[in-house]
Amino acid sequence: MEKERKIGVIGHKNPDTDSICSAIAYANLKNRMGTGSYEPLRAGHLNGETKYVLRRFGFPAPDLCQDVSAQVQDIDIRRMPGVRGTMTVRKAWETMRDQQITTLSVVDDGGALLGIITLKDLAMANMDFDGNQFLADAKTSYRNILETLNGTMVTGDPEGCVQTGKVVIGAASPETMETVVEPGDVVLVANRYEAQFCAVEMGAACVIVCTGSAVPKTIVRLAEERGCTILSTPFDTYPAACRISQSVPVSFHMLDHDIMTFRLSDELEDVREVMGRVRHVYFPVLDHEGKYVGVISRRNLLNLRRRRLILVDHNEKTQCVDGWEDAEILEIIDHHRIGNLETSGPVYFRNQPVGCTATVIYQMYGEQGVEISPEIAGLLLSAILSDTLKFQSPTCTALDRKTAELLSGIAGVDIDELAGAMFVAGEDLEGKSAREVFTQDYKNFEAGGIRFGVGQGSFVSRTNWERAGELVSGYLEEALRQSGLDMMFYMLTSLQDQSTRVLYAGPGAEVLLRRAFDTDDAEEQIVLPGVVSRKKQFIPGILQATQE
Numbered sequence: 001m002e003k004e005r006k007i008g009v010i011g012h013k014n015p016d017t018d019s020i021c022s023a024i025a026y027a028n029l030k031n032r033m034g035t036g037s038y039e040p041l042r043a044g045h046l047n048g049e050t051k052y053v054l055r056r057f058g059f060p061a062p063d064l065c066q067d068v069s070a071q072v073q074d075i076d077i078r079r080m081p082g083v084r085g086t087m088t089v090r091k092a093w094e095t096m097r098d099q100q101i102t103t104l105s106v107v108d109d110g111g112a113l114l115g116i117i118t119l120k121d122l123a124m125a126n127m128d129f130d131g132n133q134f135l136a137d138a139k140t141s142y143r144n145i146l147e148t149l150n151g152t153m154v155t156g157d158p159e160g161c162v163q164t165g166k167v168v169i170g171a172a173s174p175e176t177m178e179t180v181v182e183p184g185d186v187v188l189v190a191n192r193y194e195a196q197f198c199a200v201e202m203g204a205a206c207v208i209v210c211t212g213s214a215v216p217k218t219i220v221r222l223a224e225e226r227g228c229t230i231l232s233t234p235f236d237t238y239p240a241a242c243r244i245s246q247s248v249p250v251s252f253h254m255l256d257h258d259i260m261t262f263r264l265s266d267e268l269e270d271v272r273e274v275m276g277r278v279r280h281v282y283f284p285v286l287d288h289e290g291k292y293v294g295v296i297s298r299r300n301l302l303n304l305r306r307r308r309l310i311l312v313d314h315n316e317k318t319q320c321v322d323g324w325e326d327a328e329i330l331e332i333i334d335h336h337r338i339g340n341l342e343t344s345g346p347v348y349f350r351n352q353p354v355g356c357t358a359t360v361i362y363q364m365y366g367e368q369g370v371e372i373s374p375e376i377a378g379l380l381l382s383a384i385l386s387d388t389l390k391f392q393s394p395t396c397t398a399l400d401r402k403t404a405e406l407l408s409g410i411a412g413v414d415i416d417e418l419a420g421a422m423f424v425a426g427e428d429l430e431g432k433s434a435r436e437v438f439t440q441d442y443k444n445f446e447a448g449g450i451r452f453g454v455g456q457g458s459f460v461s462r463t464n465w466e467r468a469g470e471l472v473s474g475y476l477e478e479a480l481r482q483s484g485l486d487m488m489f490y491m492l493t494s495l496q497d498q499s500t501r502v503l504y505a506g507p508g509a510e511v512l513l514r515r516a517f518d519t520d521d522a523e524e525q526i527v528l529p530g531v532v533s534r535k536k537q538f539i540p541g542i543l544q545a546t547q548e
């Protein structure tokens with residue numbers, strides 16, 4: 001039975017501490033409410049501050065999930081078991097008939113795909129049949145012949161196989177058989193003693209006695225002396241002759257090269273394109289290790305089980321995990337402005353004007369009567385301290401401060417000590433590239449026909465503040481080219497000075513900035529005293545300027 005698919009709780013790209021901690025805390029709340037199975041996810045890599053918080057309160061990093069586009073694993077795969085290459089052609093046909101399928105996947109003992117056999121292949125093998133050495137060519141085992149002819153082994157090894165020779169129907173007189181039967185042949189005979197004796201005498205590798213006739217002991221002894229295998233079948237000579245070609249193993253007729261397969265992680269958009277130009281009915285599906293899983297057809301594409309998500313700390317499509325359009329969004333828990341994200345149906349949408357998503361989630365624990373553990377309290381407190389810059393951001397509300405104080409008591413930690421340790425961990429630039437510094441806390445926006453990105457770094461240390469500025473200023477133009485956006489901004493925020501120096505790139509970026517914040521054209525740098533919040537100060541100013 002396929003295990004229950006979990007619902008992902010995920011924050012925005014380039015996640016910050018609030019995004020990660022809120023995802024973990026809300027997934028924990030939903031699981032304790034018993035409404036399903038939930039797992040926290042992250043849409044990007046963790047920054048130093050968040051890593052410190054997770055280590056301190058004993059939580060592993062959520063699984064990385066950077067794309068939720070519909071994949072093969074999200075549709076109903078037909079879990080048709082693979083077959084062995086030794087399976088008889090007849091058994092393959094019976095399986096297709098009984099399972100109402102036209103393709104079988106041939107696998108080895110480890111589950112690796114070796115080839116496929118289709119109903120068309122079986123038909124072609126039967127219609128193209130024009131020789132009599134097919135058993136030897138396919139190295140057909142005696143066990144396969146026994147199975148196909150409902151036979152019994154009179155003498156010989158069922159694990160042996162036909163190595164050489166042709167298939168002969170020994171219905172003629174012994175004199176005629178002497179001119180036809182050659183050493184190594186497979187001879188079908190009836191109940192005539194002379195025909196059986198002649199076949200063994202002429203060196204047949206296998207004698208198949210039809211009509212269920214008894215085999216005399218003298219014939220059996222002679223066969224044992226000559227190394228001849230004797231099989232008995234209840235079929236008459238003619239139906240036995242018709243059936244024996246169906247004992248060939250499917251590996252002899254299967255397609256074992258240029259097989260069109262899909263992986264569980266392949267995106268359905270690509271799968272549809274391939275299916276539109278390749279005229280196969282069924283396509284084998286392989287797992288992440290290349291092992292066979294099942295098959296899919298065009299019909300399976302209609303039964304898409306979309307990934308189910310809860311979004312926390314964002315509601316703008318530019319900040320969503322890639323492929324969100326293919327997912328089913330169930331809830332949105334946020335504290336930002338209402339953005340441009342559209343859902344396919346109604347969702348639970350909770351958005352409060354507070355400084356942090358974690359503040360909202362704390363309230364939801366109380367509303368549901370779920371006790372908050374010290375560890376979860378530590379996460380929620382860290383998120384509030386991070387997003388409000390320890391209550392210094394203009395986004396901070398009295399509710400954020402009160403919630404932080406309550407969580408501090410539950411977690412048993414000192415607010416000043418925790419905030420100081422977090423900020424030191426977050427602004428550490430040791431070993432970081434310019435790209436890592438820039439994208440540590442970065443979001444995309446769109447307004448007035450302008451697409452722009454805004455990164456932010458908040459620093460207590462003047463040395464780190466200056467070093468970050470040096471790194472990012474030399475990287476912005478490259479970041480702009482790679483992003484395809486119109487403008488790029490980086491807020492270099494000093495927590496000591498309570499001000500932000502803005503770095504920028506893109507045509508019109510400087511003009512837009514000076515218009516937004518009414519700065520003096522004579523100034524060489526754009527420094528915004530008192531501006532520390534991207535959400536409540538910087539973005540509203542930019543949006544207003546784009547409208548003007």
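Count the sequence shown with my numbering and you get residues 1 to 548, in order. We put the CB at the ideal spot given by N, CA and C, even for glycine.
Endpoints, the beta strand (DSSP E) within which residue i is located
i, result
"Tyr348", "Tyr348 to Asn351"
"Pro40", "Tyr38 to Arg42"
"Cys206", "Cys206 to Val209"
"Asn464", "From DSSP, Asn464 is part of no beta strand (DSSP E) but of the alpha helix (DSSP H) over Arg462 to Ser473."
"Arg563", "As shown, the chain starts at 1 and ends at 548. That puts residue 563 outside it, with no answer to give."
"Arg305", "Taken as a continuous stretch (DSSP letters only), Arg305 belongs to no beta strand (DSSP E), as it is neither H nor E."
Range of the contiguous alpha helix (DSSP H) that encloses residue i
i, result
"Leu512", "Ala509 to Phe517"
"Arg308", "Unbroken run through Arg308 is the beta strand (DSSP E), Arg308 to Val312; no alpha helix (DSSP H)."
"Asn444", "Where Asn444 is concerned, there is no enclosing alpha helix (DSSP H), although the beta strand (DSSP E) it sits in stretches over Tyr442 to Ala447."
"Met422", "Ile415 to Glu427"
"Leu146", "Tyr142 to Thr148"
"Gly409", "Ala398 to Ala411"
"Arg32", "Thr17 to Met33"
"Ser499", "Ser499 -> not in any alpha helix (DSSP H); beta strand (DSSP E) instead, spanning Ser499 to Ala505."
"Thr388", "Per DSSP, Thr388 belongs to no alpha helix (DSSP H) and is neither H nor E."
"Ile361", "Thr357 to Gln368"
"Val437", "Ala434 to Thr439"
"Gln456", "Looking at the DSSP string, Gln456 is not in any alpha helix (DSSP H); the run it does join, the beta strand (DSSP E), is Ile450 to Phe459."
Own chain residues within Cβ distance below 6 Å of residue i, not counting five before or after
i, result
"Lys30", "Tyr38"
"Ile539", "none"
"Asn132", "Lys166 and Val167"
"Met202", "Val181"
"Arg401", "Phe391"
"Leu385", "Ala419"
"Gly184", "Thr164, Gly165 and Ala205"
Same chain, Cβ closer than 7 Å to residue i, five either side skipped, listed in chain order
i, result
"Gly506", "Leu480, Asp486, Met487 and Met488"
"Gly541", "Ala516 and Phe517"
"Thr530", "It should be pointed out that residue 530 corresponds to Gly in this sequence rather than to Thr. Cβ within range, chain order: Gln498 and Ser499."
"Ala43", "Ile10, Gly11, His12, Lys13, Pro15, Cys65, Gln66 and Val321"
"Arg534", "Val454, Gln456 and Met491"
"Met422", "Glu49, Tyr52, Val53, Ser382, Leu385 and Ser386"
"Ala136", "Val162, Gln163, Thr164 and Gly165"
Distance, residue j Cα to residue i Cα
i, j, result
"Met1", "Leu264", "Since pLDDT at Met1 reaches only 40, below the 50 mark, its modelled position is unreliable, and no value is offered."
"Leu309", "Thr397", "29 Å"
"Glu367", "Ile333", "15 Å"
"Leu381", "Ala358", "8 Å"
"Gly469", "Val511", "21 Å"
"Val207", "Gln246", "17 Å"
"Glu178", "Ile77", "56 Å"
"Lys568", "Gly339", "The structure shown does not extend to residue 568, since the chain is modelled only from 1 to 548, so the question has no answer here."
"Asp109", "Glu159", "18 Å"
"Phe445", "Leu543", "10 Å"
"Glu316", "Thr388", "21 Å"
"Glu417", "Ala377", "16 Å"
"Ile101", "Ser297", "11 Å"
"Ile526", "Leu513", "8 Å"
"Lys6", "Tyr26", "14 Å"
"Ser141", "Gly85", "12 Å"
Same chain only: Cβ atoms within 8 Å of residue i, ignoring 5 sequence neighbours per side
i, result
"Glu331", "Ile310, Leu311, Val347, Tyr348, Phe349 and Arg350"
"Leu46", "Pro15, Ile20, Leu54 and Ala61"
"Arg79", "Val293 and Gly294"
For this session: Taking 8 Å as the threshold, find out whether the region 316-330 comes into contact with the region 61-73 through three or more Cβ pairs.
Result: yes
For this session: Enumerate, from N- to C-terminal direction, the unbroken beta strand (DSSP E) stretches of 3 or more residues contained entirely within the region 231-289.
Result: 283-286
Exercise. On the three-pair Cβ rule with 8 Å, is the region 451-460 touching the region 398-413?
Worked result: no
Exercise. Which residue spans inside the region 35-89 form an unbroken beta strand (DSSP E) run of at least 3?
Worked result: 38-42
Problem set entry | Cβ contact (3+ pairs, closer than 8 Å) linking the region 253-264 and the region 226-235 | no
For this session: Decide yes or no for the touch test of the region 112-127 against the region 190-205: beta carbon pairs closer than 8 Å, at least 3 of them.
Result: no
Problem set entry | Uninterrupted alpha helix (DSSP H) stretches inside the region 160-233 (no shorter than 4 residues) | 174-180, 193-201 and 217-226
Problem set entry | Unbroken stretches of the beta strand (DSSP E), 3 residues or longer, contained in the region 317-342 | 328-334
Problem set entry | Cβ contact check for the region 113-120 and the region 147-160: 3 or more pairs under 8 Å | no
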